[in-house]
Amino acid sequence: MKSLNLYDIEDLRFEEIDKPVITSPTDVIIKVKATGICGSDTSRYKKLGPYQKGMTFGHEFSGIVENVGSQVTSLTVGDRVTGCPAIVCHQCAQCEQGNYSRCESLYVIGSLEPGCFAEFVKLPISNVLKLPDNVDFTTAAMVEPSAVVAHGFYKTNMKPGATVAIMGCGSIGLLAIQWARIFGASHVIAIDIDNHKLDIAQNLGADFCINSQTDDIATTLDTIPHHIDVAVESAGALATIGPVLTLPKKGGEVLLLGIPYADIQLSRKQFEKILRNELNVIGSWNGLSAPFPGKEWSSTLHYMSTGELKIEPIISDVLPLEQGPETFDALVNKKRAFDKVIFTP
Ligand SMILES: [Zn+2]
Ligand SMILES: [Zn+2]
């Protein structure tokens with residue numbers, strides 16, 4: 001089958017490899033219909049390299065059930081599905097308490113096991129979710145990042161009528177704008193340095209958009225008659241992780257979703273905001289809860305089905321898998337601008 005395998009930093013190869021086979025009675029083999037490039041994939045491609053040389057890359061996808069193990073009764077061949085790519089041990093103390101995102105040995109397919117940048121992928125039945133009829137494959141390829149964002153929001157104390165600021169309007173931020181609304185925000189403020197991303201943010205329901213490169217955030221916020229209850233960091237960048245601490249009202253919350261790939265420095269003033277404003281700073285990892293994989297996934301599918309989670313405006317490119325190597329190169333070396341990229345194997 002066709003696949004994209006990561007050999008080294010900036011060494012991604014389009015290759016023919018063997019199809020996965022059923023080895024456990026709970027295995028499900030899925031024919032991949034759509035699979036997305038995640039920010040963590042680009043960081044691994046550009047900076048970190050593979051966990052295992054030549055591993056099939058990718059972890060966000062949707063597809064059709066191709067084959068099932070003997071103990072799989074809840075799905076049949078031909079079912080439309082998406083997959084939770086996180087594999088947990090179900091045995092450690094955190095797993096026993098249902099805190100699967102804190103599993104001691106959590107990993108995601110595409111790292112230690114083959115991922116979904118391929119024609120077929122294998123997952124245990126516990127990780128496979130059936131799609132509502134009206135959710136298309138491209139939309140469903142973004143169930144995983146949406147579940148990751150939802151996981152963070154479930155940790156907040158958000159109440160209806162809240163004002164939420166989102167810093168960083170990449171795919172995660174654009175999902176966060178929509179989740180903020182679903183969690184009851186009456187006002188959503190989007191902050192980014194790219195007017196194109198801010199246009200999409202507005203399209204997806206942001207009430208106020210601030211370009212932090214051309215406008216001073218504090219001055220602009222002074223013109224908005226709402227105090228920020230929750231500030232979400234969704235870029236994982238040096239330029240946002242410090243400033244996000246300055247956004248919430250006293251006693252407000254900061255939700256950290258973005259993953260930095262460099263050291264982060266905070267100014268004294270930024271750090272002091274946590275103390276003086278008695279902020280609740282919330283770290284969030286992956287998107288898992290009990291019962292596995294959690295309400296993050298079922299809610300995502302529900303809101304995709306109702307149309308309250310819109311994916312189409314976030315996607316800029318739907319490409320054949322063959323174009324993987326040049327697409328990653330263009331993306332990380334900024335040869336052109338992309339929003340979310342989806343491959344169709
Ligand atoms: Zn991802
Ligand atoms: Zn565990």
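Residue 133 in full-length UniProt numbering sits at position 133 of the sequence shown; the count goes up by one each step and never skips. C-beta atoms are modelled at their ideal positions from N, C-alpha and C, and glycine is treated no differently.
Problem - Backbone secondary structure at residue 326 - three-state DSSP - result: Translated into the one-based positions of the sequence shown, residue 326 becomes position 326. DSSP places residue 326 in helix when its eight states are reduced to three.
Practice task
Pull every residue with its beta-carbon under 6 angstroms away from any heavy atom of ligand 1, and keep them in chain order.
Solution key: 38, 40, 59, 60, 144, 145
Exercise for the section: Tell me whether residue 195 is buried or exposed, calling it buried when 16 or more other Cβ atoms sit within 10 Å of its Cβ. Expected result: Within the sequence shown, the letter at position 195 stands for residue 195. Exposed, because fewer than 16 other Cβ atoms sit within 10 Å of the Cβ of residue 195.
Practice task
Sort out for me which residues DSSP pairs residue 5 with in a bridge.
Solution key: Residue mapping note: residue 5 aligns to position 5 of the sequence shown, counting from 1. For residue 5, which the question treats as bridged, DSSP gives the partners 13, 56.
Problem - Cβ neighbours of residue 233 in the same chain (closer than 8 angstroms, five flanking residues each side left out) - result: Within the sequence shown, residue 233 is the residue found at index 233, counting from 1. 167, 168, 240, 241, 244, 254, 255, 256, 257, 258, listed in sequence order.
Problem - Candidates 38, 26, 28, 2: closest to residue 332 by CA position - result: Your numbering for residue 332 matches position 332 in the sequence shown. Measuring from the Cα of residue 332, the nearest candidate turns out to be 38.
Practice task
Let me know the alpha helix (DSSP H) ranges lying completely inside the region 267-332, each 4 residues or longer, listed in chain order.
Solution key: 268-276, 295-306, 324-332
Exercise for the section: Would you mind sorting residue 51 into buried or exposed? The rule is 16 or more other CB atoms within 10 Å of its CB. Expected result: Mapped onto the sequence shown, residue 51 falls at position 51. Exposed, since its Cβ has fewer than 16 Cβ neighbours within 10 Å.
Problem - Pick from 92, 288, 302, 6 that is closest to residue 113, judged by C-alpha positions - result: Taking the first residue of the sequence shown as 1, we reach residue 113 at position 113. Among 92, 288, 302, 6, the Cα nearest to that of residue 113 belongs to 6.
Handout entry: Where the beta strand (DSSP E) through residue 253 begins and ends
Key = Looking up residue 253 in the sequence shown gives position 253. Where residue 253 is concerned, the enclosing beta strand (DSSP E) stretches over 253-256.
Exercise for the section: May I have a chain-ordered list of the beta strand (DSSP E) segments no shorter than 3 residues that lie completely inside the region 39-105? Expected result: 60-68, 80-83
Handout entry: Rounded Cβ spacing between residue 72 and residue 23 (contact assumed at less than 8 angstroms)
Key = Translated into the one-based positions of the sequence shown, residue 72 becomes position 72. Translated into the one-based positions of the sequence shown, residue 23 becomes position 23. That pair is no contact at about 13 angstroms.
Handout entry: Rounded straight-line distance, which links the Cα of residue 260 to that of residue 44
Key = Translated into the one-based positions of the sequence shown, residue 44 becomes position 44. Translated into the one-based positions of the sequence shown, residue 260 becomes position 260. Rounded to whole angstroms, residue 44 to residue 260 spans 12 angstroms at the Cα level.
Practice task
Might you give, ordered along the chain, the residues of its own chain that have their beta carbon closer than 6 angstroms to the beta carbon of residue 115, omitting 5 neighbours on each side?
Solution key: Here residue 115 refers to the residue found at position 115 of the sequence shown. So the qualifying residues of the chain are 56, 57, 58, 59, 109.
Practice task
Return the Cβ separation of residue 146 and residue 300 in integer angstroms, given the expectation that the two are a contact with Cβ distance under 8 angstroms.
Solution key: Numbered from its first residue, the sequence shown carries residue 146 at position 146. Numbered from its first residue, the sequence shown carries residue 300 at position 300. 4 angstroms between Cβ atoms; contact.
Handout entry: Any non-hydrogen atom of ligand 2 within 7 angstroms of residue 103 CB
Key = Counting from 1 along the sequence shown, the entry for residue 103 is found at position 103. Residue 103: yes, Cβ under 7 angstroms from ligand 2.
Exercise for the section: Return yes when the Cβ of residue 34 is within less than 8 angstroms of the Cβ of residue 380, no when it is not. Expected result: As displayed, the chain neither begins before 1 nor continues past 345, which places residue 380 out of reach and without an answer.
Problem - DSSP state of residue 247 mapped onto helix, strand, coil - result: Here the question's residue 247 lines up with position 247 in the sequence shown. Residue 247: coil per DSSP, three-state reduction.
Problem - Cβ separation of residue 107 and residue 125, assumed to be a contact under 8 angstroms, to the nearest whole Å - result: Against the sequence shown, residue 107 aligns to sequence position 107. Against the sequence shown, residue 125 aligns to sequence position 125. Not quite, the Cβ-Cβ distance comes to about 18 angstroms (not below 8 angstroms), so this is no contact.
Problem - Terminal residues of the alpha helix (DSSP H) in which residue 137 lies - result: Numbered from its first residue, the sequence shown carries residue 137 at position 137. Where residue 137 is concerned, the enclosing alpha helix (DSSP H) stretches over 137-140.
Exercise for the section: Given a cut-off of 8 angstroms, decide if residue 192 and residue 198 are closer than it, judged by their beta-carbon atoms. Expected result: As a first step, residue 198 is located in the sequence shown; it is residue number 198 there, counting from the start. As a first step, residue 192 is located in the sequence shown; it is residue number 192 there, counting from the start. Contact flag set, yes.
Exercise for the section: Ignore the nearest five residues each way along the sequence and tell me which others in residue 217's own chain have a CB closer than 7 angstroms to its CB. Expected result: To locate residue 217, count along the sequence shown from 1; it is residue 217. Closer than 7 angstroms at Cβ, skipping near neighbours: 191, 210, 243.
Exercise for the section: Can you tell me which of 40, 21, 48 puts its alpha carbon nearest to the alpha carbon of residue 11? Expected result: Walking along the sequence shown from the start, residue 11 turns up at place 11. Comparing Cα-Cα distances from residue 11 to each of 40, 21, 48, the minimum goes to 48.
Exercise for the section: Can you grab the Cα-Cα spacing for the pair residue 330 / residue 319, in whole Å? Expected result: Here residue 330 is taken as the residue at index 330 of the sequence shown, counted from 1. Here residue 319 is taken as the residue at index 319 of the sequence shown, counted from 1. If you take the alpha carbons of residue 330 and residue 319, they lie about 13 angstroms apart.
Exercise for the section: Report yes if the C-beta of residue 97 is less than 7 angstroms from at least one heavy atom of ligand 3; otherwise report no. Expected result: Among the ligands modelled here, namely ligand 1 and ligand 2, ligand 3 does not occur.
Exercise for the section: Say yes only if the C-beta of residue 90 is nearer than 7 angstroms to one or more non-hydrogen atoms of ligand 2, and no if none qualify. Expected result: Here residue 90 refers to the residue found at position 90 when the sequence shown is read from its first residue. Residue 90: yes, Cβ under 7 angstroms from ligand 2.
Handout entry: Coarse secondary structure for residue 144, derived from DSSP in three states
Key = Counting from 1 along the sequence shown, the entry for residue 144 is found at position 144. Residue state, collapsed to three classes: helix.
Handout entry: residue 21 - partner residues in DSSP beta bridges
Key = As a working mapping, residue 21 is identified with position 21 in the sequence shown. DSSP lists no partner for residue 21.
Exercise for the section: Consider the C-beta atom of residue 202 and the heavy atoms of ligand 2; say whether any pair is separated by less than 7 angstroms. Expected result: One-based indexing of the sequence shown puts residue 202 at position 202. Checking the Cβ of residue 202 against ligand 2 gives no.
Exercise for the section: Given a cut-off of 8 angstroms, decide if residue 30 and residue 139 are closer than it, judged by their beta-carbon atoms. Expected result: In the sequence shown, counting from the first residue as 1, residue 139 sits at position 139. In the sequence shown, counting from the first residue as 1, residue 30 sits at position 30. No, the pair does not count as a contact, with Cβ atoms beyond the cut-off.
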